[in-house]
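Enquirer: Counted the way our numbering counts, the sequence shown spans residues 13 to 266. Before I ask anything, let me first share the structure, which is written out below as structure tokens.
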Amino acid sequence: MKKFLFTAFVALAFSASADTPTNKPTLFIIGDSTVKNGTKGQQGWGEVISPLFDTNKITVANHAIGGRSSRTFITEGRWDKVLEQLKPGDFVLMQFGHNDGGKPDDPQRPRGTLPGTGEQTLNITNPANKRLELVHTYGWYMRKYVTDAKAKGATPLVCSLVPRNIWRDGKVTRAANNHAKWAREIAESEHVPFVDLNELIAAHYESLGEEKVMSLFFGDHTHTAPEGATLNASIVVEGLKQLPDCAVCKFLKQ
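In structure tokens, the structure reads:
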């Protein structure tokens, strides 16, 4: 009788532990300062997206950090820290590109990547740490995030970079010929979901008008104020909802 009660207790405890918060899936967010910002008056969309999810069912972990490119988020070991926590059933929502356009060996900010999605490489001596480094294309780094997440049993979700507040002839300038295009190409070639934030948000800005959009930014033409971050977060969610098979959408608040 005692053995039966002990066995039943263990079974009940195991069943209960399977439903504890620690076993919830996690939505990991990685990116740059447009996703998470530490400057007063500025805010990234990843900082305000959590309330749009049912956090009783999913944990939202924003690992984005300002100033990082698709390359330096990896070379600084930040991606490895996410991978250590990543488990089957989790999600990785990624957005890079704003800091990828500079020279790879820029003396002040050596964070740039090579253009495109190919296998081209460049050997440099990194001015920041004086070490030799093999620099890859933007697409190579984005593909690495995707393949690493898949290997962990997680679902990668690729986003194109959010647009800057730069206008020409009444239209928001897009990145349709570079980083937004390359992000889409990686998502399509790897058969993973893609949210074109560059186009979705630019189109919404145009519907609001240039004067209104000015108030959504703070300090420069790249970083959003809290109101702009909140708007962009809502568009991220709308973009997710437009995906044909959106596994993470079941965790959104109705």
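From the three backbone atoms N, C-alpha and C, an ideal C-beta is built for every residue, glycine too. All figures in this text were calculated on a predicted structure; none of them were measured in a lab.
Would you check if there are 3 or more beta carbon pairs closer than 8 Å linking the segment 236-250 to the segment 57-66?
Expert: With a cut-off of 8 Å, the segment 57-66 and the segment 236-250 count as touching, because enough Cβ pairs lie within range.
Enquirer: Pick helix, strand or coil for Leu243, following the three-state DSSP scheme.
Expert: helix
Enquirer: Indicate the three-state DSSP secondary structure (helix, strand or coil) for Lys183 in the structure shown.
Expert: Strand at Lys183.
Enquirer: What number of angstroms, rounded off, separates the C-alpha of Asp92 from the C-alpha of Gly182?
Expert: Each residue's CA atom was taken as its position, placing Asp92 and Gly182 some 42 Å apart.
Enquirer: Let me know if Gly79 comes out buried or exposed under the rule of 16 or more other beta-carbons within 10 Å of its beta-carbon.
Expert: exposed
Enquirer: If you compare alpha carbons, which of Thr46, Ile42, Phe40 and Ile41 is closest to Arg176?
Expert: Thr46
Enquirer: How would you call Asn135, buried or exposed, if buried means at least 16 neighbouring beta carbons within 10 angstroms?
Expert: exposed
Enquirer: Going by DSSP, which residues form a beta bridge with Phe229?
Expert: Thr236
Enquirer: Among Phe230, Val248, Gly251 and Ser246, which has the Cα closest to the Cα of Gly53?
Expert: Phe230
Enquirer: If you count every other CB in all the chains shown that lies within 10 Å of the CB of Asp112, and 16 or more means buried, which is it?
Expert: buried
Enquirer: Would you mind giving the Cβ-Cβ distance between Phe108 and His75, rounded to the nearest angstrom? I have them listed as a contact below 8 Å.
Expert: Not really, about 12 Å apart at Cβ, beyond 8 Å.
Enquirer: In or out: Asn68 buried (at least 16 other Cβ within 10 Å) or exposed?
Expert: exposed
Enquirer: Might you give, ordered along the chain, the residues of its own chain that have their beta carbon closer than 7 Å to the beta carbon of Glu197, omitting 5 neighbours on each side?
Expert: Thr129 and Gly151
Enquirer: Given a threshold of 16 other Cβ atoms within 10 Å of its Cβ, counted over all protein chains shown, does Asp66 qualify as buried or as exposed?
Expert: Burial call: exposed.
Enquirer: Note down, one range per segment and in chain order, each alpha helix (DSSP H) of at least 4 residues found wholly within the segment 48-132.
Expert: 84-87 and 90-97
Enquirer: Helix, strand or coil: which one does DSSP assign to Cys261?
Expert: The three-state reading of DSSP puts Cys261 in helix, counting H, G and I together.
Enquirer: What did DSSP end up calling Gly43 once you bin it into helix, strand or coil?
Expert: strand
Enquirer: Quick one: what's Ile136 bridged to in DSSP?
Expert: For Ile136, the pairing in a beta bridge is given by DSSP as Glu145.
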